[in-house]
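Student:
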Ligand code: SME
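Numbering (the numbering used here), first residue to last: 101 to 278.
1) Cα separation between residue 171 and residue 252?
2) Looking only at its own chain, which residues have a Cβ that is under 8 angstroms from the Cβ of residue 108, when we skip the five neighbours before and after it?
3) Per DSSP, which residues does residue 247 bridge with? Please list them.
4) Name the DSSP bridge partner or partners of residue 197?
5) Exposed or buried, which one is residue 160 when buried takes at least 16 other CB atoms within 10 Å?
6) How about the segment 214-225 and the segment 256-274: do they share at least three Cβ pairs that are nearer than 8 angstroms?
7) Within the present structure, is the beta-carbon of residue 271 separated from the nearest heavy atom of the ligand SME by less than 7 angstroms?
8) Could you tell me the distance, in whole angstroms, from the CA atom of residue 110 to the CA atom of residue 196?
9) Step through the CB atoms of chain B and report whether any lies within less than 8 angstroms of the CB of residue 260.
10) I need the straight-line Cα distance from residue 226 to residue 273, nearest angstrom please.
11) Tell me whether residue 275, by its Cβ, gets closer than 7 angstroms to a heavy atom of the ligand SME.
12) Give the DSSP-derived three-state secondary structure of residue 263 in the structure shown.
13) Closer than 8 angstroms is the cut-off here; do at least three beta carbon pairs connect the segment 162-170 with the segment 191-211?
14) Nearest CA to the CA of residue 231: which residue from 140, 190, 151, 275?
15) Please report the distance separating the alpha-carbon of residue 212 from that of residue 154.
16) Per the DSSP calculation, residue 171 is bridged to which residue(s)?
17) With a cut-off of 8 angstroms on the beta carbons, I'd call residue 162 and residue 141 a contact; round off their distance for me.
18) Starting from residue 213 and walking both ways along the beta strand (DSSP E), at which residues does that stretch end?
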């Protein structure tokens with residue numbers, strides 16, 4: 101029979117915690133409760149990491165894993181267009197012009213855009229016909245848009261002011277680490 105001292109048990113538990121440092125704890129409950137539990141974990145995940153690709157990739161993965169969104173990803177401003185950055189989900193459009201689609205409109209207006217039904221949004225760019233609703237948050241650095249966070253859902257009306265509130269907060273944290 102295997103017997104362990106308290107010290108041995110604590111050592112095993114501690115090494116397990118270290119191994120699982122990059123695992124997410126997925127909260128149950130309301131959307132707001134999920135964001136409340138997710139955001140501090142994302143902060144910890146980003147930590148002192150300054151590589152933008154690593155941080156954007158982990159944020160996309162954490163949002164997808166927590167909420168099961170259809171598509172989560174970033175488009176980054178490169179010269180005069182948005183270019184696809186780290187994302188989770190099906191392959192997507194590579195380049196978007198300023199003012200085009202939801203992403204280009206968010207870039208142009210420097211504002212979050214919530215789209216309850218993508219078919220009702222003039223000029224919506226359908227990277228996938230499965231996407232039904234969408235939210236786009238601009239990444240603002242010193243008053244300029246350096247990219248956008250785009251989240252798509254397979255259901256209508258998936259996003260509201262709660263998503264806008266928490267995703268804007270997340271984007272502010274993120275930009276300060278890029
Ligand atoms: N629907 C977006 C294009 C990007 S994909 O959804 C990933 C838009 O209209 O800008």
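Even for Gly, the Cβ is constructed at its ideal location relative to N, Cα and C. Predicted model, so just to flag it, every value in this text is computed and none were measured.
Tutor: Looking at the coordinates:
1) Residue mapping note: residue 171 aligns to position 71 of the chain shown, counting from 1. Residue mapping note: residue 252 aligns to position 152 of the chain shown, counting from 1. If you take the alpha carbons of residue 171 and residue 252, they lie about 5 angstroms apart.
2) If you number the chain shown from 1, residue 108 lands on position 8. In this predicted model, residue 108 has a pLDDT of only 49, less than 50, meaning its place in the structure is not dependable enough to derive any value.
3) Mapped onto the chain shown, residue 247 falls at position 147. Note: residue 247 sits in a beta bridge opposite 176, 239.
4) Translated into positions along the chain shown, residue 197 becomes position 97. Residue 197 is bridged to 181.
5) Your numbering for residue 160 matches position 60 in the chain shown. When all chains shown are included, residue 160 counts as buried.
6) yes
7) The residue labelled residue 271 in the question sits at position 171 within the chain shown. No.
8) Within the chain shown, the letter at position 10 stands for residue 110. Within the chain shown, the letter at position 96 stands for residue 196. Bear in mind that the predicted position of residue 110 carries a pLDDT of just 44, short of 50, making it too unreliable to give a figure here.
9) Of the protein chains in the structure, only one exists, and it is not chain B.
10) Locating residue 226 in the chain shown gives position 126, where the first residue counts as 1. Locating residue 273 in the chain shown gives position 173, where the first residue counts as 1. Whole-angstrom Cα-Cα distance: 29 angstroms.
11) As a first step, residue 275 is located in the chain shown; it is residue number 175 there, counting from the start. False, no ligand heavy atom lies under 7 angstroms from that Cβ.
12) Indexing the chain shown from 1 puts residue 263 at position 163. Three-state result, residue 263: helix.
13) no
14) For the purposes of this step, residue 231 is identified with residue 131 of the chain shown, where counting begins at 1. Of 140, 190, 151, 275, the residue nearest in Cα terms is 190.
15) Translated into positions along the chain shown, residue 212 becomes position 112. Translated into positions along the chain shown, residue 154 becomes position 54. Going by the C-alpha atoms only, they are around 24 angstroms apart.
16) The residue labelled residue 171 in the question sits at position 71 within the chain shown. Answer is 252.
17) Along the chain shown, one-based indexing puts residue 162 at 62. Along the chain shown, one-based indexing puts residue 141 at 41. Correct: roughly 7 angstroms between the Cβ atoms.
18) On the chain shown, residue 213 is found 113 positions in, with the first residue counted as 1. Counting along the chain, the beta strand (DSSP E) containing residue 213 begins and ends at 213-215.
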